[in-house]
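Accompanying notes for the structure given below.
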Amino acid sequence: MKAFTSILFIGFFAVLTASEDEKQTKYSKRDSHTSIPDSEKFLVTKTCYMDIEIDEESAGRIVIGLFGEVAENTANNFASLCRGNYNGELGFGFRGTNIHRIVKDFIIQGGDITANDGTGGKSIYGPVFSDEPFIHKHANKGYVSMANKGRPNTNGSQFFIVMNRFRWLNGKHVVFGKVIEGMELVDQINEMDSDPDTGKPDKEIRIADSGLIKHEPYVLPEELR
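The sequence shown begins at -17 in my numbering and counts up one residue at a time.
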């Protein structure tokens, strides 16, 4: 497997600043290095689903719990894009976009809502938004994190699911959620053939539908962490 130093968008991007619409969250950068109670750190505030099609055939559902207590802006961005048609803008969301990159036993990447090929994306706050404190680590298979442009504070809409523990991603990408159902489908996608250079899957893997599952906040059980 090739060594990757960062989960990047593909292509050239101009330097952009984060939106002023982002909320000031309760945690600061220093909290990345302090102990936060599990009741806050693993509090699942929202849950999203993605119904996946492979070559236009239904493959199943992936369900992701979001850690909105410690990554509020990031979780809200992801949840809004799962809900779709943000602010009434048709197509502003994940529905109909592809999983555009697979690096076996490393990452599965998607969320390019503008170009659908890994070169684009945008957030609900503007073109990009700032990193929140790196509270969670890429500690296990199934954690969900933000892709960026190889620089701090360049989050958009692209995300990735890690397929193992990767310490060297910590402090570079904001982890904001965990797959809580559908890991069998994630494993299936991980095994699919892709271009060895770009990671583009040989088959079309499409987010046919996405949305939110309503529930009261709860602490993620230890067996799912």
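Glycine included, C-beta positions come from ideal geometry on N, C-alpha and C.
Values in this document were obtained by computation on a predicted structure and should not be read as measured data.
Leaving out five residues before and five after TYR200 in sequence, what residues of the same chain have Cβ atoms less than 7 Å from its Cβ?
-> So the list reads VAL26, once near-sequence residues are dropped.
Straight-line gap, GLN56 to TYR125 (C-alpha atoms, nearest Å) = Checking the sequence shown, residue 56 turns out to be Thr, not Gln. Roughly 14 Å separates the two Cα atoms.
Could you say if the segment 183 to 198 and the segment 37 to 47 meet the contact criterion of at least three C-beta pairs nearer than 8 Å?
-> The segment 183 to 198 is in contact with the segment 37 to 47.
Where the alpha helix (DSSP H) containing THR56 begins and where it ends | 54 to 65 is the extent of the alpha helix (DSSP H) around THR56.
Rounded separation between LEU72 and CYS30 - CA only | Each residue's Cα considered, the two are about 19 Å apart.
Using DSSP with H/G/I as helix, E/B as strand and the rest coil, what is MET174?
-> MET174 falls in the coil class under three-state DSSP.
Cα-Cα separation between ARG176 and ILE90, rounded to whole angstroms = According to the sequence displayed, residue 176 carries Ser and not Arg. Taking the straight line from one Cα to the other gives about 11 Å.
With 16 as the cutoff for other CB atoms within 10 Å, does HIS120 come out buried or exposed?
-> With 16 or more other CB atoms across the displayed protein chains lying within 10 angstroms of its CB, HIS120 is buried.
Proximity below 8 Å, CB of ASP87 to CB of ASN152 = No, these two residues do not count as a Cβ contact at 8 Å.
Does the distance from the C-beta atom of PHE24 to that of LEU167 stay below 8 Å?
-> No Cβ-Cβ contact shorter than 8 Å links PHE24 with LEU167.
Buried/exposed call for GLU205, threshold 16 Cβ in 10 Å | In summary, GLU205 is exposed, with fewer than 16 beta-carbon neighbours lying within 10 Å of its beta-carbon over all protein chains present.
Quick one: what does DSSP say LYS23 is sitting in, helix, strand or coil?
-> It is helical.
Does DSSP put LEU72 in a helix, a strand or coil?
-> Here LEU72 sits in coil by DSSP.
Can you check DSSP and say which residues form a bridge with THR29?
-> In DSSP, THR29 forms a bridge with GLY47 and ILE195.
Counting only runs of 3+ residues fully inside the segment 89 to 125, write out the beta strand (DSSP E) ranges in chain order.
-> With a minimum length of 3 residues, the continuous beta strand (DSSP E) runs that stay inside the segment 89 to 125 are 89 to 92.
Please name the residue in ILE162, SER21, LEU48 and GLY42 whose C-alpha comes closest to that of VAL156.
-> Of the candidates ILE162, SER21, LEU48 and GLY42, the one whose C-alpha sits nearest the C-alpha of VAL156 is LEU48.
Continuous beta strand (DSSP E) stretch holding LYS160: start and end | LYS160 -> beta strand (DSSP E) spans 157 to 163.
According to DSSP, what are the bridge partners of ASN137?
-> DSSP links ASN137 through a beta bridge to PHE111.
Measure the C-alpha to C-alpha separation of ILE44 and GLU114 and round it to an integer number of angstroms.
-> Spanning the two alpha carbons is a distance of roughly 24 Å.
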